[in-house]
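Number of protein chains: 2
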Amino acid sequence: MKIKHFLFGRPLSTEALQDERMPKWMALPILSSDALSSVAYGTESILIALVSYGVAARWFSLPIALVIVLLLFTLIISYRQVINGYPKGGGAYAVAKENFNPLLALVACAALLVDYTLTVAVSSTAGVAAITSAFPQLVPWNVVLSVLGVLLVAFINMRGLREAGTIFAFPTYFFILNIFVLLIAGLFQVLMHGVPSASIPMPAHIPQGVTLYVLLRAFSSGCSALTGVEAVSNATPAFRDPTVKNAKGTLLYLGILLFIMFLGITLLANMYAIAPSPTGNPTVLAQVAAHLFGHSWLFYSVQFSTALVLFLATNTAFSGFPLLASIVAQDGYMPRQFSARGDRLSLNFGIIVLSLMSILLIVGFNAKTDALVPLYAIGVFLSFTIAQTGMVKKWMKEMPAGWRAKVFINGLGAIMSFSVVIISLVEKFSAGAWTIAIIIPVLVWVMFKIKHHYASVARQLKMDIDEPLTLKRTLMIVPVGGINRVVRNSLEYALESSPAEQIVAFHVALNKEEEEKFKEKWKAWDIDIRLETFYSRYRSIKGPLLRFIDQVQRRAGDKFEITVVLPIFITRKRWQRALHNQSAYFIERALLRRKDIILVKVPFHLHS
Amino acid sequence: MKIKHFLFGRPLSTEALQDERMPKWMALPILSSDALSSVAYGTESILIALVSYGVAARWFSLPIALVIVLLLFTLIISYRQVINGYPKGGGAYAVAKENFNPLLALVACAALLVDYTLTVAVSSTAGVAAITSAFPQLVPWNVVLSVLGVLLVAFINMRGLREAGTIFAFPTYFFILNIFVLLIAGLFQVLMHGVPSASIPMPAHIPQGVTLYVLLRAFSSGCSALTGVEAVSNATPAFRDPTVKNAKGTLLYLGILLFIMFLGITLLANMYAIAPSPTGNPTVLAQVAAHLFGHSWLFYSVQFSTALVLFLATNTAFSGFPLLASIVAQDGYMPRQFSARGDRLSLNFGIIVLSLMSILLIVGFNAKTDALVPLYAIGVFLSFTIAQTGMVKKWMKEMPAGWRAKVFINGLGAIMSFSVVIISLVEKFSAGAWTIAIIIPVLVWVMFKIKHHYASVARQLKMDIDEPLTLKRTLMIVPVGGINRVVRNSLEYALESSPAEQIVAFHVALNKEEEEKFKEKWKAWDIDIRLETFYSRYRSIKGPLLRFIDQVQRRAGDKFEITVVLPIFITRKRWQRALHNQSAYFIERALLRRKDIILVKVPFHLHS
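From first to last, the protein sequence lines stand for chains A and B.
Numbering-wise, the working numbering comes out as the position in the first sequence, counting from 1, plus 43.
Numbering-wise, the working numbering comes out as the position in the second sequence, counting from 1, plus 43.
Dropping the structure here:
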């Protein structure tokens, strides 16, 4: 307990929940680290899709980045409208729940849960890639470092939201500062020395092989830079009052920052004609930084802040996943444990599940970012599509002032998001996207099964308050292994709650002589409780006991409540437990499976 | 159940135990496969210790083998006396128990248990070595094949003794036949063509480097050929009547066979000046067979039968370990589970423990016989020493006719056995024997702890039959989560066993409004049972419930029996269990740890 309090802090009361909400300056770094850190691999993803078609092909990263930025602003405007309409959070799930049937809401939810898990895996492995770009000798420790990063972020989140904020605010701002220094240095370079000669000019004609198909693939890869923009609207309730205004403001700042950083890095990469390394090491961002800063402390600062922000990007998922899971669990589609807040008000079950699944992914994919990226983005853009289609439906139903413009914006966003889903699914199906195409439906099916179960339980539990209680007479069966204190305790309990004639002791003998001896000893004890014995030829105690109970139950009929009184040894030390209770444990399991048998456990505390 | 019966056979009644006893012709192969199969690596062990001192040094394998054979006969005679004195089996353990304090008996027992485990590991890896001597392409599958062998023998033993006998009789006889064919072929060779020119003659002077130290090391290594001779006396009760006579006869046959085979193979190895291969492949025995038979079917027959008998040698351990563990468990020094016979009368717990430990050894030592051998023999000879010293003590106390001769034989055996222990310990300490020097004392300490615990439990359970039962009034605490059928069931049970004024319902509310609402609903239900509620600021249900129970217990004092009625959901399908009962489980665990609280589990069976 003391260790727990030292590690996780003292318990917080439910009233403290309000205090755990965040001001804007703290919400921005917490909720935007995922989206902002995407610039560390967004440009690189576009270039990887173009690199095999020659230097000139790489120029197309510029128009593609522009299209992605256009998509970004459609999404920002649309999600500001989502915050307005759904201030209680839940994002795509909340929108879909209100505007569609549960199926689409659960699809959005499954997509988001999968995406959060991938965010943790992709961000932590990309974070390690930023480190190994500066220190290549660390490459063999890829997996270990990624997993340690996940565990650290999970631990911080289990301490609760506020501490998480304080810790995470600094590195995100530090990363933003570093990227801006990088961009300003680039601008300064152009102003002082003009555009570098290495820069790739717009090609006069489209290079060989660069088809629409290739451009679409580059576009869809680049869309990974937009993952995470939904985090703000999903976590609206985590904002301090005025919640809606603060959330919308934060989302706008996020959009502007992402716009500048993503476009800026893509421009710089083009200016120095940077090609992505086939091994992913050094990263494109590291190459840009090396061009501008050499290997000075500024270069290491960029790499360090990138690694840090990427690790902290996992925090967006650690905020989002448990919150979404908790909302969906409250609706009955996920196990209830997801909605229980721990001592520190954190949603520990969700945090633990997310950690385990992402660590599995990291280990399974050997911490390779480029292997994980094909699985990514599909989930996010699927949820984007559902959310924005939901908004379109909402505007068409409610028809507020200027609803046509709103429908246009959300409709455009929906179409573009859906295009990204289709393009990603088609282009990356064999590269791993097929798993997502299986996992999401399976998750949805499981969630329906869970809902069905909880609903069925609720029906079975429901009772009529006017129906009177029906009392039966209890019939107590007391298995007795010998004549000793444990047996005495059990019989005492039986006599306390039933008249002696409703009690029967049952003894299983492993040989004939022992059976006779036991009967005599019982008679000598003279306690006026009926004894039944059974000689078990096959040395089983459980079997004859269960058969005896069945017999009694059959004969007793409906008027009696059958109760079995089982003595349980409670040992003082853990290791001693291995020396007792094996048969009691198996008997208990078998009895609980039978209908209408009440089990009484009489503990016997051993004092040494 | 059906699968279980198909795999392991129908259950056998306790009366069938007598039928499971073995006639001599079946006991010989079962109990001697360990000792006889030792000839497959005994000669090789001696030669490995001599090989680095030149060809002439290898001649000394002959006198060393003679000394070992002398030791063998001392042991055989001594153990025949043990069978006479201790027909109930247990071997060294039984002898030590009667003649010494429990400490020495437990040392013998621990030594034997360790030795049985090593027997399984060494024999199965040596068996695989015999196979790979014939088929070198199988070398990479060493570990897998060894483990599979162990599992197979374990499985057969779990089916029960008689089937084990039928299966194991044939291969041991087949191995004996093969070795005799080999020896006769060698004899024929000498009679027809004289001693081969390659044979190593007695050197005129002792070769450089061959010190007493080296010879002792070779001797101690060769003693691994004697492991297993104690099996017959340990398993005396497994013989058919007349038990003692049959066991003694079997032991004598075993001695004669071992004598001929071990000495014969050592002679043949000398005749062809065979040097052990540094990789252990092919084995010395395989080289002898290849010299005499070439690579004809006779060669493969020798290798096949050797592999088979070595695998089956593990069976000696699978007979001995569980039987010894069961005897010691009956004395209270090991967990009781070891003495419970399964459906098929086999001592399954011992079989499973032995399998797991030996598989651990095989995997840990990468299935290398020569790495395991240094751990071997110490345990056996330690138990030999204790057993024979015990016999000396017995003769000196009882002084039967000719007791001086008996003391001399047993005393000589004790001294020789003890010498082997000391030599092995000194020469192989750093090669792994130190682990044995740690494990045996630790095992003994654990066995004393277990005995102490069981004895203490027996004292705590003991009661005076004349002391009258003391009945208290039961005070029932019923935690209620809502107003529904489960709660109704629990309250019905409470009312059946206690008057209403001795029952209190307890509700933990997670917020203030809910608390008030629940109180009102309870009033509306109108069932005349007192309700206490508590608002839990820290969202814990367990904590407030336990504190409430403590309060009630304090106030009630000694006159009341505190009973907690917990509803338990029984789901229809396994996966549904994950959706329920988490808090009930933790509450139960916490309650059982408290003193004098009786726990009633009221199962609620969900029908979907």
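Ideal placement from N, C-alpha and C gives every residue a C-beta, glycine not left out.
Everything numeric in this text was worked out from a predicted model, so none of it was measured.
How would you label residue i, buried or exposed, when you count the other beta carbons within 10 angstroms and need 16 or more for buried?
i	result
R387 of chain A	buried
L328 of chain B	buried
P66 of chain A	exposed
L438 of chain B	Looking at the sequence provided, one finds Trp at residue 438 of chain B rather than Leu. Buried is the call here.
Q346 of chain A	buried
D593 of chain A	exposed
I46 of chain A	exposed
S651 of chain B	exposed
E441 of chain B	exposed
S626 of chain B	buried
G600 of chain B	exposed
T254 of chain B	exposed
V331 of chain A	buried
T513 of chain B	exposed
G337 of chain A	exposed
Once you ignore the five residues that flank residue i on each side, which residues in its own chain have a CB closer than 6 angstroms to its CB?
i	result
P106 of chain B	none
H550 of chain B	V523, F561 and T576
V371 of chain A	C152 and M377
Might you give, ordered along the chain, the residues of its own chain that have their beta carbon closer than 8 angstroms to the beta carbon of residue i, omitting 5 neighbours on each side?
i	result
V406 of chain A	V186 and V190
L306 of chain B	A108, L109 and V112
T412 of chain B	Y84, V165, T168, A169, A172 and G323
Can residue i and residue j be called in contact, C-beta distance under 8 angstroms?
i	j	result
I421 of chain B	F262 of chain B	no
G475 of chain A	P417 of chain A	yes
N277 of chain A	I73 of chain A	no
I119 of chain B	L300 of chain B	no
L269 of chain B	S81 of chain B	yes
N532 of chain B	F647 of chain B	yes
G33 of chain A	T162 of chain A	For residue 33 of chain A there is no data in the structure shown, the boundaries of chain A being 44 and 651.
S426 of chain A	A148 of chain A	no
R528 of chain A	Q545 of chain B	no
I395 of chain B	F361 of chain B	no
A383 of chain A	M377 of chain A	no
L150 of chain A	V487 of chain A	Checking the sequence, you will find Val at residue 150 of chain A rather than Leu. Yes; because the gap between Cβ atoms is below 8 angstroms, this pair is in contact.
For the alpha helix (DSSP H) containing residue i, list its first residue and its last residue.
i	result
L504 of chain A	W477 to L504
Y296 of chain B	T286 to M314
E563 of chain A	K555 to W568
F282 of chain B	That residue, F282 of chain B, is in no alpha helix (DSSP H); it is neither H nor E in DSSP.
R516 of chain B	No alpha helix (DSSP H) contains R516 of chain B, which is instead part of the beta strand (DSSP E) from R516 to P522.
F198 of chain A	N185 to M201
Residues in its own chain within less than 7 angstroms of residue i by CB, not counting five upstream and five downstream?
i	result
D571 of chain B	A543
P246 of chain A	A99 and W102
W184 of chain A	none
F24 of chain B	Summary: the structure shown does not reach residue 24 of chain B, with chain B confined to residues 44 through 651, and so no result is reported for it.
I243 of chain A	V98, A99, R101, W102, N313 and A316
Which stretch, first to last residue, makes up the beta strand (DSSP E) that contains residue i?
i	result
T614 of chain B	First-last for T614 of chain B: undefined, no H or E at that position.
A548 of chain B	I546 to A552
L622 of chain B	Segment: none, L622 of chain B is in no beta strand (DSSP E) and carries neither H nor E.
For this session: Compile a chain-ordered list of the residues in the segment 611-623 of chain A whose CB is closer than 7 angstroms to at least one CB of chain E.
Result: Of the protein chains in the structure, A and B, none is chain E.
Problem set entry | Residues within the segment 534-552 of chain B neighbouring chain A, beta-carbon criterion of under 8 angstroms | L534, E535, Y536, L538, E539, S540 and S541
Exercise. Going along the chain, which residues of the segment 513-527 of chain A sit with their C-beta nearer than 8 angstroms to a C-beta in chain B?
Worked result: T513, L514, K515, R516, T517, G525, I526 and N527
For this session: Could you name the residues of the segment 568-597 of chain A whose beta carbon sits closer than 9 angstroms to any beta carbon of chain B, in the order they occur along the chain?
Result: W568, D569, I570, S579, R580, Y581, R582 and S583
Exercise. What residues in the segment 629-650 of chain A have a beta carbon less than 9 angstroms from any beta carbon of chain B?
Worked result: E631, L634, L635, R636, R637, K638, D639, I640, I641, L642, V643, K644, V645, P646, F647, H648, L649 and H650
For this session: With 9 angstroms as the C-beta to C-beta threshold (strictly closer), list the residues of the segment 366-400 of chain A near chain B in chain order.
Result: P378, R379, Q380, A383, R384, G385, D386 and L388
For this session: Determine which residues of the segment 237-252 of chain A have a Cβ less than 9 angstroms from any Cβ of chain B, and write them out in chain order.
Result: none
Exercise. Which of the residues in the segment 494-513 of chain B, read from start to end, lie with their CB under 8 angstroms from any CB of chain A?
Worked result: H496, Y497, S499, V500, Q503, L504, K505, M506, I508, L512 and T513
Problem set entry | Selection of the segment 431-448 of chain B by Cβ proximity to chain A, strictly under 9 angstroms | none
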